[in-house]
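Participant:
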Amino acid sequence: MKKQQGGFTLIELIMVIVILGILAAFALPRFVNLGADARAATVQGAFGSVKAASALTHASWLAKNDAANTSITVEGSTVTMIATSGYPAASSIADAAGVVAADFTITTTAGVTTMSANGATTPASCQVSYTEPAATAGAVPVISVVDTGC
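Here the sequence shown is numbered in the working numbering, starting from 2 and rising by one per residue.
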């Protein structure tokens, strides 16, 4: 009696492995969304830049000891200051922080600047906002970040 063996040949096995590799190469980017992580990191970086720019310009304004001083030059950019608090005006915070329009959509309305990351799935959930301080001595700006919709 002759015994026959069944199974895959080596070529068939290699072809199956190659096809699975090709399918995995196309499917993997759909499951790993690196763009969202990169946008979230960019928004967090902008948040840190806005906080630092606000603190540095305020410190510079205090060091000059001139309440009438309404502008400060930071790295070649003129930053408009609020005379009552010494913090940057909302219209100048993006320049002071070095936030650029190539990465963010920057809008300023009624003392609030919003910097939304370009390419975000939900721009309102992927942004940094800067609210000018109230026009009273000792008031501080409100700086917030949302990165859940990047």
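Glycine included, every Cβ here is placed at the ideal spot set by N, Cα and C.
Decide if P89 is buried, meaning its Cβ has at least 16 other Cβ atoms within 10 Å, or exposed.
Facilitator: Buried, since its Cβ has 16 or more Cβ neighbours within 10 Å.
Participant: Candidates S86, V147, A39 and F27: which alpha carbon is nearest T58's?
Facilitator: Minimum Cα distance to T58 is reached at S86.
Participant: Comparing C-alpha positions only, which one of L35, S130, K52 and V80 sits nearest to T110?
Facilitator: Checking every option, the nearest Cα to that of T110 belongs to S130.
Participant: Where do the N-terminal and C-terminal ends of the beta strand (DSSP E) with A118 fall, by residue?
Facilitator: Residues V113 to A118.
Participant: Specify whether the segment 34 to 51 and the segment 60 to 80 touch according to this definition: at least 3 beta carbon pairs, one from each stretch, less than 8 angstroms apart.
Facilitator: No, the segment 34 to 51 does not touch the segment 60 to 80.
Participant: Are the CB atoms of A47 and V113 within a distance shorter than 7 angstroms?
Facilitator: No, the pair does not count as a contact, with Cβ atoms beyond the cut-off.
Participant: Between T149, L24, E133 and T106, which lies nearest to A84 when the distance is taken from Cα to Cα?
Facilitator: Residue E133 is the option with its Cα nearest to A84.
Participant: Please work out which residues of its chain come closer than 7 angstroms, Cβ to Cβ, to A140, disregarding the five sequence neighbours upstream and downstream, and give them in chain order.
Facilitator: Contacts found: S86 and P134.
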